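S.K.:
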Amino acid sequence: MSEPHIESPQEMDDANARPVDAPAPTGPAESAPAPTGPAGDALLEMQNVTLRFGGVVALNDVSFVLRKGEIFGLIGPNGAGKTTCFNAMTGVYRPTSGAIRFQGRSIVGRKKHQITRGGIARTFQNVRLFPEMTALENVMVGADAHHKTSVIAALFRLPRFWHEEHEGRRRSLELLEFVGIGKRAGDVARNLSYGEQRRLEIARALATNPTLLCLDEPAAGFNPAEKEDLLQLIRRIRDTGVTILLIEHDMRLVMNVTDRIVVLEFGKKIAEGTPAQVRDDPKVIAAYLGVPSDAA
Amino acid sequence: MSSTAATPGKNGRRLNGNLRGWFARQPVWVRIVGVLAVIALAYLLPYTAEIPLIGPQIVTEGIDWPSALFNMSYYVLLALGLNVVVGYAGLLDLGYVGFFAVGAYTVALLTSPDSRLGTEWPWLAAVPFAIAVAMISGLILGWPTLRLRGDYLAIVTLGFAEIIRIVAQSTETLRGDRGFTDIPHPPGQQTDGSALFGVRDATPYYWLGLTVIILVVLGVRNLDRSRVGRSWLAIREDEEAAEIMGVRTIKYKLWAFAIGACIGGLGGVMFAGQQGFMNSGTFVLQFSILVLAGVVMGGSGNIPGAILGGALISYIPDRLRGIQDPIFHTDLFGFRFAIFGAVIILIMIFRPQGLIPSRRRAMELKDREKEAAPS
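Okay, structure coming up:
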C-alpha cells in the first residue's frame, strides 16, 4: 500500500487552474502580506533554543526568525535536529533553554492542542493519520480544533452542533479537493495510497486554520512527478496566506520552492540565507559532502 | 458518509459489510421502518415461546424467560457503556463492574430500610443521584489514570473494581455480605391496581430495560457521530497525533470515563430495582471480564456489536440452566464458563473482529508499543 501514487497530469492541471482564493484557510493569516519576499513581519522566533536529552544535545543555541508569508526551509543531514526543532515548536518537547515566540507570544510550555489552536499545524515525517477513520473524518478532526460544540450540545443535537458539523464537513471536503484527493473522502485512511496519505495529512493540518504550516519531509518516498505536484501544492498553500516551514531532504525541491533556508548540523545552525546563498556556503557544502566540519 | 466505507474483506467481514452497506443505501423511510420493526420485535421478545417450533428452542428453561430477558437488558446496558470506554476511546477498562456497583449501592443506600441513611426514598427518586454518583466515580477513576494506556490502565482499573468490592464487603455502612433488602421496585400500577413492577413477572422490567437501552443507544450514537466521537477515535488511533491536531485529549478521555460510568451506573440502578436485594458478592471481578468479553465478542467500537455481545454473555449461561449434561448429569450451568470460553475462542478464531465487526475496531488490544504514554 506504500506504492507511490502517480497523479494524472490532468488532475494537476485542474489544480493549477484553480484560483488562489478557493478554500483559503482563513483566520489570522488573512492579513498576511504579499506572498514572496523577506519583507513580512516576524511570525515565529526561535531564540537561543537549546534542547538536551540527557547528555545528547539535540539543539544547540539555535536562533532564527520566520517571517509571515514566506516558505522557509529547514535542512541538514540526518540527525541534524530538524524534526526536534519541529517538536519544540509544536509543544512535543520543551526546550531546555531559550525562547520560542509565535506572533510575539511565548509558546514554551503550552499544551500541544493549545499551540495548534493558536495557529501552528504540522505533518509528520512518518505519516500519522488516524488509520481507521475515513479521509473526511481525519480532516474533520482538524476542523474540530476550532469548534465549540460541547458534549451536551452533541448529545442533544443543539443548533450549534448542526451548524458546526455542517460547516466543518463543507470545509473539510473543500480541503480534500484542494489537496487533490476529494474522491477519496469516504475511504478509510488506511486504504489510501502513500501519496494520498501524505496529502491527507496536509489537508488535516490545514483544517486547523493554521497561520504557520510545518511540513516534515512531505516529499519523502515520492517520485519526481509527485514531487513536482507537491511543489505546486506547497505554493498554492502559501498563496492562500499560510506561512510554510519545510523540512526536506530533496535539495532540488527545497531550492526551488523556499524563500529562505536555515541549515542545521549536529543541532547547530551553520547557515542561513536565500537558497542561492546557502548553496554556495562552504560550511553547507562541507556538511553535505561529509568533510569534517572543522575544516570548513 | 461513514457508512459508505465498505469494509474491504478479511475473512467474514465482507458479507456483513454488504448487508450494512445495503441498509445504508436504502431511502430514509425504509431505514426508519426497518429500525422501528426491530424495536417492535424487541418489545415482543417476552412472547418468543409462542412462536411455533423455533420459540421453545430459544427460551430458557432453568430461569423464566422474561427474567432472562431482563438479565440480558442490563448486560446490554453495561456492554454499551463499556463500549464507549474501550471501543471508542480505546481505554482498556477491566474494572467496569465498579460503576455498576456504585449505581446499585447508591440506590440501595437511598432506598432500602436497611440503610443507615434512613432516607427510604422511592426507587425513581434515587435514580438521578445514582447516575450522578457513578459519573463522579468515573471521573475519580479517570483523573489519575489519564497518562496510562493499555495494560497499565487495565491493571489500575482492575484495582479500582476490587477497591469498590472490598469496601462494600468490609464497611458497616455498605453491609458486606448481609447486603440490602427490600430495595423498592420502580413505580407504576397495572389496571387492576397491582404493582406494575412486581416480583412474579419480569416482563415489565425487561420493557423498562429495553426503553433505557434505546435512549442510551440514541445518546451514544449522537455522541459518536459528532466531534466527540471523532475525538475519541482519534485518541484511540494515535493519541499524540490527536493532541497535535488540537484534540483536548484529557477532556475527552474524562468524558469517555464519565459517560461509560454513567451507563454502567444505570445498569446497576436497573439491577437493584428488579432484584430488591444485593450484597457485596454480586460484584465480582468476573463480571467486568464477562462484559469486556461481550464487547470484544460482539465487535468492539460499534453499537450493534455491543448489543449483541452484551445479550449473548447473559443469554448463553441462562440458556444452559436446567439442561443436564449426558455424562455427569449435572446442570450445564455449572460448566458455563468452560462453554463460554470455548465459544469465545471459536469466535476469536473465525471472526477476530467480533460478530458484528466495526471498521473502527479496537486498536488498543493490538498496540503494544504505546502502553505507557510518554510523559
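Protein sequence lines correspond, in order, to chains L and F.
Sequential numbering from 1 applies to the first sequence in the UniProt record's numbering.
Sequential numbering from 1 applies to the second sequence in the UniProt record's numbering.
Backbone N, C-alpha and C fix where the C-beta goes; we use that ideal spot for every residue, glycine too.
None of the values given here were measured: they were computed from a predicted structure.
#1: Contact check, V242 of chain L vs P210 of chain L under 8 angstroms by CB: the rounded distance?
#2: Considering only residues of the region 18-53 of chain F, which uninterrupted alpha helix (DSSP H) runs meet the minimum length of 4 residues and lie entirely inside it, listed in chain order?
#3: In three-state terms, what does DSSP make of I247 of chain L?
#4: Quick one: using the 10 Å Cβ neighbour count with 16 as the cut-off for buried, is K148 of chain L buried or exposed?
#5: With distance defined between alpha-carbon atoms, name the residue in L:V179, L:A80, L:P77, L:I202 nearest to R128 of chain L.
#6: Which same chain residues end up closer than 8 angstroms to S375 of chain F when comparing Cβ atoms and leaving out the 5 residues on each side of it in sequence?
#7: For V20 of chain L, would you say it is in contact with chain F, using Cβ-to-Cβ distances shorter than 7 angstroms as the test?
#8: Does R248 of chain F get closer than 7 angstroms to chain L when you measure Cβ to Cβ?
#9: Going by DSSP, name the residue or residues bridged to S97 of chain L.
#10: What residue range does the alpha helix (DSSP H) around E174 of chain L cover?
#11: With 7 angstroms set as the bound, which would you pick, yes or no: does the beta-carbon of G219 of chain F sit closer than that to a beta-carbon of chain L?
#12: Can you tell me which residues form a DSSP beta bridge with A219 of chain L?
#13: Please list the terminal residues of the continuous beta strand (DSSP E) segment that includes I270 of chain L.
#14: Report all residues from its chain with a CB closer than 7 angstroms to the CB of residue 303 of chain L; omit the five preceding and five following residues, and keep chain order.
#15: Taking just the CA atoms, how far does I213 of chain F sit from T50 of chain L?
#16: For E237 of chain F and G90 of chain F, what's the separation of their Cα atoms in angstroms?
#17: Which class does I356 of chain F belong to by DSSP, given the choice of helix, strand or coil?
#18: Can you tell me whether A34 of chain L is buried or exposed, with buried defined as 16 or more other CB within 10 angstroms of its CB?
#19: Going along chain F, which residues have a C-beta under 7 angstroms from A145 of chain L?
#20: Suppose the cutoff is 8 angstroms on Cβ atoms and the five residues either side in sequence are ignored; what does the same chain contact list for residue 298 of chain L look like?
#21: Report the three-state DSSP secondary structure of G142 of chain F (helix, strand or coil).
#22: Just the Cα atoms here: how many angstroms apart are P56 of chain F and A49 of chain F?
#23: Does any residue of chain L bring its CB to less than 7 angstroms from the CB of W255 of chain F?
#24: Please list the partners that E239 of chain F has in chain L, where partner means a Cβ-to-Cβ separation under 7 angstroms.
#25: Whose CA, out of L:T116, L:L173, L:H146, L:K227, lies closest to the CA of F161 of chain L?
#26: If you draw a straight line from the C-alpha of T111 of chain F to the C-alpha of P326 of chain F, how long is it?
#27: Going by alpha carbons, who is nearest to Q47 of chain L out of L:E265, L:V139, L:P159, L:I100?
#28: What three-state label does DSSP hand residue 328 of chain L in the structure shown?
#29: Residue range of the alpha helix (DSSP H) that I314 of chain F falls in?
#30: Within the same chain, show all residues whose beta-carbon is closer than 6 angstroms to that of L223 of chain F, passing over the 5 residues directly before and after it, in chain order.
#31: Is there a Cβ from chain F that is less than 7 angstroms from the Cβ of T123 of chain L?
#32: Can a CB atom of chain F be found closer than 7 angstroms to the CB of V141 of chain L?
#33: For A32 of chain L, count neighbouring Cβ atoms within 10 angstroms of its own Cβ and tell me buried if that reaches 16, exposed if not.
#34: So is N78 of chain L buried or exposed if we call it buried at 16+ other beta carbons inside 10 Å?
#35: In terms of alpha-carbon separation, which member of L:G54, L:G81, L:I71 lies closest to V62 of chain L?
#36: Using 8 angstroms as the threshold, is the region 73-87 of chain F in touch with the region 283-296 of chain F, meaning 3 or more CB pairs across them?
M.R.: Here's the rundown:
#1: Numbered from its first residue, the first sequence carries residue 242 of chain L at position 242. Numbered from its first residue, the first sequence carries residue 210 of chain L at position 210. Confirmed, Cβ separation roughly 6 angstroms.
#2: 28-44
#3: Indexing the first sequence from 1 puts residue 247 of chain L at position 247. Correct three-state label for I247 of chain L: strand.
#4: Residue numbering aside, residue 148 of chain L sits at position 148 when the first sequence is read from its first letter. Label assigned to K148 of chain L: exposed.
#5: Here residue 128 of chain L corresponds to residue number 128 of the first sequence, with the count starting at 1. The option with the nearest alpha carbon to R128 of chain L is L:I202.
#6: Locating residue 375 of chain F in the second sequence gives position 375, counting from the first residue. Here the model assigns S375 of chain F a pLDDT of 37, short of 50, so the residue's position is not dependable and the matter cannot be decided.
#7: Here residue 20 of chain L refers to the residue found at position 20 when the first sequence is read from its first residue. For V20 of chain L, the predicted model reports a pLDDT of 39, less than 50, meaning its position is unreliable and no value from the coordinates is stated.
#8: Position 248 of the second sequence, counted from the first residue, corresponds to residue 248 of chain F. Yes, contact with chain L.
#9: Within the first sequence, numbered from 1, the residue matching residue 97 of chain L stands at position 97. Beta-bridge pairing links S97 of chain L to L:T50.
#10: Along the first sequence, read from residue 1 onward, the residue named residue 174 of chain L stands at position 174. First-last of the alpha helix (DSSP H) with E174 of chain L: 159-179.
#11: Residue 219 of chain F sits at position 219 when you count from the first residue of the second sequence. Closer than 7 angstroms: yes.
#12: Residue numbering aside, residue 219 of chain L sits at position 219 when the first sequence is read from its first letter. None; A219 of chain L has no bridge partner.
#13: Here the question's residue 270 of chain L lines up with position 270 in the first sequence. 268-273 is the extent of the beta strand (DSSP E) around I270 of chain L.
#14: In this structure chain L extends from 1 to 296, so residue 303 of chain L is not present and cannot be described.
#15: Indexing the first sequence from 1 puts residue 50 of chain L at position 50. Indexing the second sequence from 1 puts residue 213 of chain F at position 213. Rounded to the nearest angstrom, the two C-alpha atoms are 55 angstroms apart.
#16: As a first step, residue 237 of chain F is located in the second sequence; it is residue number 237 there, counting from the start. As a first step, residue 90 of chain F is located in the second sequence; it is residue number 90 there, counting from the start. One C-alpha to the other measures close to 8 angstroms.
#17: To locate residue 356 of chain F, count along the second sequence from 1; it is residue 356. I356 of chain F: coil per DSSP, three-state reduction.
#18: Your numbering for residue 34 of chain L matches position 34 in the first sequence. Below a pLDDT of 50, predicted positions are generally treated as unreliable, and A34 of chain L, at 40, falls in that range; the measurement from the model is reported next regardless. Per the 10 Å Cβ criterion, exposed.
#19: The count along the first sequence starts at 1 and reaches residue 145 of chain L at position 145. Under the 7 angstroms cutoff, chain F gives M245, G246.
#20: The structure shown has nothing for residue 298 of chain L, since chain L only spans 1 to 296.
#21: In the second sequence, the residue the question calls residue 142 of chain F occupies position 142. Helix.
#22: As a working mapping, residue 56 of chain F is identified with position 56 in the second sequence. As a working mapping, residue 49 of chain F is identified with position 49 in the second sequence. Those two C-alpha atoms are separated by around 5 angstroms.
#23: Reading the second sequence from its first residue, position 255 is the one you call residue 255 of chain F. Interface residue, yes.
#24: In the second sequence, the residue the question calls residue 239 of chain F occupies position 239. Neighbours of E239 of chain F on chain L: none; closest Cβ ~10 angstroms, over 7 angstroms.
#25: Position 161 of the first sequence, counted from the first residue, corresponds to residue 161 of chain L. Cα-wise, what sits closest to F161 of chain L is L:H146.
#26: As a working mapping, residue 111 of chain F is identified with position 111 in the second sequence. As a working mapping, residue 326 of chain F is identified with position 326 in the second sequence. Distance between the alpha carbons of T111 of chain F and P326 of chain F is about 46 angstroms.
#27: Residue numbering aside, residue 47 of chain L sits at position 47 when the first sequence is read from its first letter. The candidate whose alpha carbon is nearest that of Q47 of chain L is L:I100.
#28: Outside the displayed range of chain L (1 to 296) lies residue 328 of chain L, so it cannot be described from this structure.
#29: For the purposes of this step, residue 314 of chain F is taken as residue 314 along the second sequence, with counting starting at 1. Residue 314 of chain F is actually Ser in this sequence, not Ile. Here the alpha helix (DSSP H) through S314 of chain F covers 303-320.
#30: Here residue 223 of chain F corresponds to residue number 223 of the second sequence, with the count starting at 1. Within the same chain, L223 of chain F has close Cβ partners G229.
#31: The residue given as residue 123 of chain L occupies position 123 in the first sequence. No, because no Cβ of chain F sits closer than 7 angstroms to the Cβ of T123 of chain L.
#32: Here residue 141 of chain L corresponds to residue number 141 of the first sequence, with the count starting at 1. Closer than 7 angstroms: yes.
#33: The residue labelled residue 32 of chain L in the question sits at position 32 within the first sequence. In this prediction, A32 of chain L scores a pLDDT of 40, lower than 50, which makes its location untrustworthy; no coordinate-derived value is stated.
#34: Locating residue 78 of chain L in the first sequence gives position 78, counting from the first residue. Answer is exposed; the Cβ neighbour count stays below 16.
#35: Stepping through the first sequence from its first residue, residue 62 of chain L is reached at position 62. Among L:G54, L:G81, L:I71, the Cα nearest to that of V62 of chain L is on L:G81.
#36: yes
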